[in-house]
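Chains as they are written, first to last, in my numbering: chain A, 20 to 238; chain B, 3 to 293.
Don't be surprised by glycine CBs; every beta carbon is placed ideally from N, CA and C.
The structure under discussion appears below in the form of C-alpha cells.
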C-alpha cells in the first residue's frame, strides 16, 4: 500500500489551515466589528463556497488558472507559477473552498465576546492591535480551535475541486480522496477499503480529540 | 471649568428614535452623578465622554484640550483621553489574574510598583493571583476600579458600578469610592439610578430624561421639591363621596388599598366619583410599625 496520498493530503490540510488562519483573522475582525453597510456583500462572497457545488468552483478555478487566460498568464509571466495541476494550485483552491468555515467561526468568536472587553482595553490606552492579540484572541480559543478543525477536516475530504484543478498526479495532486476513487475504478476494492478505513479512523480520532479539548477548556 | 460638553446624538429605543441633546459643565475634583431611568441615555453619555461612541455633532473639551469637535473634525480616540472607565459588567479580562489585569493598564511595564501600590490601596493584595471568575461581585468591582486607576486618570467614569451588589456591600464600597475620589483628587462622573447613592456621594446631580438634561444642582436642591418631603402622598381614584353632617367622607382607591378620608364641603364641591386625586398628609406624627 502506498502512503503517499495520505502524506500529501495531510500536508495540504495543514498548510491550508495555517494560511486560512492568517487570511481569515482580519476578514473576520472586519466583518464582526465594521459598521459599513456594504458588509453583507463581502459576507456573501466569502460564504459562496458553502452553497456552491465543488465542481462549479473547480471549473471556474480551472478556467482562471489556465495559462492561456489573464490570471494564469500573469502568474506564469511574473512569478513563473503554474497553478493548474499542481500542489500550489490545490492550496489556492482549498483556501477558497474552506474560507467560510474559518471566517464564520472566528467572526462568531469575536461577536460572542462581551463588547466591554474591547472597550475596556481601549480606555486603558491600548491600541486595536494590542487589544486583538492580548485580549480578544486569548478569550476565544474555542472558536479558533473550531475554525481550525473544520477547515482541516473539510480539506481532508475535498474531492470535486481537487479533481478538476489538480487531476491525479502522484506526489503532486493525488490526494487520498482521489486515490480511493481511482482504486474503486480499477475494481481494486481491497486498497480502496484500506485507504477508506484509515481515513475514517483518523477523522474520528481527530474529532474526538478536538471535542475532548473543547470540553476540557470549558471547565 | 474642566469638562465642557455640548452634544447631539440620535438614539434608538423601543418607541422609536430620540436625541441625546445636552450641554453641561463639570468642575475639577467634583463628584457628579448622572441620574435617570434606564434608557434615558446615561451610559451613552459616558461612552461619548470616553470616546467609545461619537456624537453626531457638538463639542467636548477637557481641561483646555479639545476631545471632540465635529466642525473641526477632531475626535480623540479613547486611548488618548486620560480617563478611567468602570463598566457595569466590570469587563475584567477573564484570562488574566487580578495583578495581570492591572498590569495590562500600565503604559510602561517597569512601573509594576504602581500596581502593587494600588492593590494595597483597595485591599486586593491577597487576591492578586486569583482569576476574575473566582472572585465575588464586590471583589470584581474593586478590581475593575483599581484597574481604572492604574493610568492615573484625570477623569473617572463609572457606569452603575455598584448596581449588582447587595445593600451592605454597596454602602462600604461607596465609602471606599468616596475616599479614593478625595485621595486621588479625581474628577468623577458616575451613572446611577440609586437615590441613596446619589445623596451619599454627589457634589452635583445631573438628571437626564429622554436624552435631555432636566435638572442640575446639589442633591438636596434637585430632589427637594418632589422626592423628599415631610408629607405622605398618594394618588388614587374616588370611589364614593358620602355626605355626613358637616363633613364629606371620600372613599379612595390607591393601588390595592381603599382609604377613607375626610373632606370639607369646599373641597368636595369640585370632586365627583371617578376623579383622579392626589392625597397628601403632613407627617408630623405618623405611626410607624415594624412589619
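I want to verify the contact list: residues of chain A whose CB lies under 7 Å from the CB of residue i, in sequence order.
| i | result |
| --- | --- |
| residue 85/B | 142 |
| residue 153/B | 143 and 144 |
| residue 57/B | Going along chain A, no residue has its Cβ under 7 Å from residue 57/B, so there is no contact; the nearest lies around 15 Å. |
| residue 268/B | What residue 268/B touches in chain A: nothing, since even the nearest Cβ is about 59 Å away. |
| residue 80/B | 141 and 142 |
| residue 118/B | Those within 7 Å of residue 118/B in chain A number zero; the least Cβ separation is about 18 Å. |
Could you tell me which residues DSSP puts in a beta bridge with residue i?
| i | result |
| --- | --- |
| residue 121/A | According to DSSP, residue 121/A bridges with nothing at all. |
| residue 242/B | 253/B |
| residue 1/B | Missing from the structure shown is residue 1/B; chain B here goes from 3 to 293 and no further. |
| residue 279/B | 238/B |
| residue 265/B | 250/B |
| residue 60/B | 9/B |
| residue 20/B | 13/B |
| residue 27/B | 6/B |
| residue 260/B | 255/B |
Give me the chain A residues within the contact set of residue i, using Cβ-Cβ distance strictly less than 9 Å, ordered along the chain.
| i | result |
| --- | --- |
| residue 52/B | 138, 141 and 142 |
Are there 16 or more other CB atoms within 10 angstroms of the CB of residue i, so buried, or fewer, so exposed?
| i | result |
| --- | --- |
| residue 23/B | buried |
| residue 119/A | buried |
| residue 135/A | buried |
| residue 176/B | buried |
| residue 21/A | exposed |
| residue 52/B | buried |
| residue 174/B | exposed |
| residue 169/B | exposed |
| residue 167/A | buried |
| residue 214/A | buried |
| residue 145/B | buried |
| residue 291/B | exposed |
| residue 76/B | exposed |
| residue 235/B | exposed |
| residue 161/B | buried |
| residue 42/B | buried |
| residue 9/B | buried |
| residue 1/B | Because chain B spans 3 through 293 in this model, residue 1/B falls outside it and cannot be assessed. |
| residue 187/B | exposed |
| residue 66/B | exposed |
| residue 142/B | buried |
| residue 69/A | exposed |
| residue 82/A | exposed |
| residue 209/A | exposed |
| residue 126/A | buried |
Please list the partners that residue i has in chain B, where partner means a Cβ-to-Cβ separation under 9 Å.
| i | result |
| --- | --- |
| residue 158/A | 95, 96 and 97 |
So residue i contacts chain B; which residues on that side make the cut at Cβ distance below 7 Å?
| i | result |
| --- | --- |
| residue 154/A | 95 |
Quick one: list the residues of chain A neighbouring residue i, beta-carbon separation under 8 Å, in chain order.
| i | result |
| --- | --- |
| residue 91/B | 133 and 135 |
| residue 148/B | Here the premise fails: no neighbours, minimum Cβ distance about 12 Å. |
Does the beta carbon of residue i fall short of 7 Å from some heavy atom of the ligand MG?
| i | result |
| --- | --- |
| residue 220/A | Ligands displayed in this structure: none; no statement on the ligand MG is therefore possible. |
Is any beta-carbon of chain E found at less than 8 Å from that of residue i?
| i | result |
| --- | --- |
| residue 107/B | Among the chains of the structure shown, chain E does not appear; the protein chains present are A and B. |
*Let me know the alpha helix (DSSP H) ranges lying completely inside the stretch 135–192 of chain A, each 4 residues or longer, listed in chain order.*
147–150, 160–175 and 179–185
| Do the stretch 82–101 of chain B and the stretch 146–153 of chain B meet, that is, are 3 or more Cβ pairs less than 8 Å apart? | yes
Check your understanding: Curious, which full-length alpha helix (DSSP H) runs of at least 4 residues does the stretch 81–121 of chain A contain?
Key -> Whole alpha helix (DSSP H) segments, 4+ residues: 89–98.
Practice task
At 4 residues or longer, and completely inside the stretch 64–143 of chain B: list those alpha helix (DSSP H) runs for me, N to C.
Solution key: 100–106 and 114–123
Which complete alpha helix (DSSP H) runs does the stretch 194–239 of chain B hold, if anything under 4 residues is left out?
197–203 and 221–226
Q: Determine, using beta-carbon pairs with one atom in the stretch 185–193 of chain B and one in the stretch 30–44 of chain B, whether at least three such pairs fall under 8 Å.
A: Segment contact: the stretch 185–193 of chain B against the stretch 30–44 of chain B, three or more CB-CB distances shorter than 8 Å; contact assigned.
Worksheet item: For the stretch 112–119 of chain B against the stretch 61–77 of chain B, are there 3 or more C-beta pairs whose distance is under 8 Å?
Response: no
### Query
Quick check: the stretch 138–156 of chain A against the stretch 81–89 of chain B, are there 3 or more CB pairs under 8 Å?
Proximity of the stretch 138–156 of chain A to the stretch 81–89 of chain B meets the contact definition, three or more beta-carbon pairs being nearer than 8 Å.
Any contact of the stretch 170–185 of chain A with the stretch 68–75 of chain A, i.e. 3+ C-beta pairs under 8 Å? yes
Would you call the stretch 56–68 of chain A and the stretch 145–155 of chain A in contact, with 3 or more CB pairs under 8 Å? no
Problem set entry | Cβ contact check for the stretch 201–216 of chain A and the stretch 108–124 of chain A: 3 or more pairs under 8 Å | no
Exercise. Specify whether the stretch 11–20 of chain B and the stretch 128–135 of chain B touch according to this definition: at least 3 beta carbon pairs, one from each stretch, less than 8 Å apart.
Key: With a cut-off of 8 Å, the stretch 128–135 of chain B and the stretch 11–20 of chain B do not count as touching, because too few Cβ pairs lie within range.
- Any chance the stretch 261–276 of chain B sits against the stretch 237–252 of chain B, with 3 or more Cβ pairs inside 8 Å? yes
For the 8 Å Cβ check, are there 3 or more pairs between the stretch 218–225 of chain B and the stretch 196–207 of chain B?
yes
Cβ contact check for the stretch 22–34 of chain A and the stretch 157–175 of chain A: 3 or more pairs under 8 Å: yes
Segment contact, 8 Å Cβ cut-off, at least three pairs: the stretch 98–110 of chain A with the stretch 45–65 of chain B = no
Complete beta strand (DSSP E) runs within the stretch 35–79 of chain A (minimum length 3 residues, chain order):
The DSSP assignment places no complete run of the beta strand (DSSP E) inside the stretch 35–79 of chain A (cut-off: 3 residues).
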